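Be aware that the sequence shown starts at 37, since it is given in the working numbering, and climbs by one per residue.
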Amino acid sequence: MIYIVKNSVKLSRIEKQLTQEELAEKVGVTRQTIGLIEKEKYNPTIALGLKLCKVLNKSLDQLFWLEEDVNEK
Numbered sequence: 037m038i039y040i041v042k043n044s045v046k047l048s049r050i051e052k053q054l055t056q057e058e059l060a061e062k063v064g065v066t067r068q069t070i071g072l073i074e075k076e077k078y079n080p081t082i083a084l085g086l087k088l089c090k091v092l093n094k095s096l097d098q099l100f101w102l103e104e105d106v107n108e109k
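As structure tokens, then:
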């Protein structure tokens with residue numbers, strides 16, 4: 037069974053009325069990194085994930101979770 041990491045970073049960022057650039061600055065990464073995380077093309081380190089949780093006022097399981105990859109054969 038293969039799992040993929042899903043996230044609600046974009047929705048949480050919008051709820052906090054932050055741009056990608058503002059969020060990136062607060063957690064110490066580039067805007068491009070935030071964009072890749074939001075598109076689920078990059079999985080952040082635990083440390084970065086926890087920083088995102090703190091800034092977005094969410095728990096780790098509210099921001100990130102595993103889903104079974106339905107495309108896996």
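Where a beta carbon is used, it is the ideal one built from N, C-alpha and C, also for glycine. Since this is a predicted model, take the numbers as computed values, not measurements.
- So what's Glu76 in DSSP terms, helix, strand or just coil? Here residue 76 corresponds to residue number 40 of the sequence shown, with the count starting at 1. Annotated three-state conformation of Glu76 is coil, per DSSP.
- Message: Please tell me whether Arg49 has its Cβ less than 8 Å away from any Cβ of chain C.
- Response: Looking for chain C here will not work: only one protein chain is present.
- Alpha-carbon to alpha-carbon, Val91 and Gln68: Stepping through the sequence shown from its first residue, residue 68 is reached at position 32. Stepping through the sequence shown from its first residue, residue 91 is reached at position 55. Looking at the two C-alpha atoms, the distance is approximately 18 Å.
- Task: May I ask which residues mark the beginning and end of the beta strand (DSSP E) holding Val41?
- Result: Looking up residue 41 in the sequence shown gives position 5. Note, Val41: beta strand (DSSP E), Tyr39 to Asn43.
- Message: Checking the sheet assignment: what are the DSSP bridge partners for Glu104?
- Response: On the sequence shown, residue 104 is found 68 positions in, with the first residue counted as 1. In DSSP, Glu104 forms a bridge with Tyr39.
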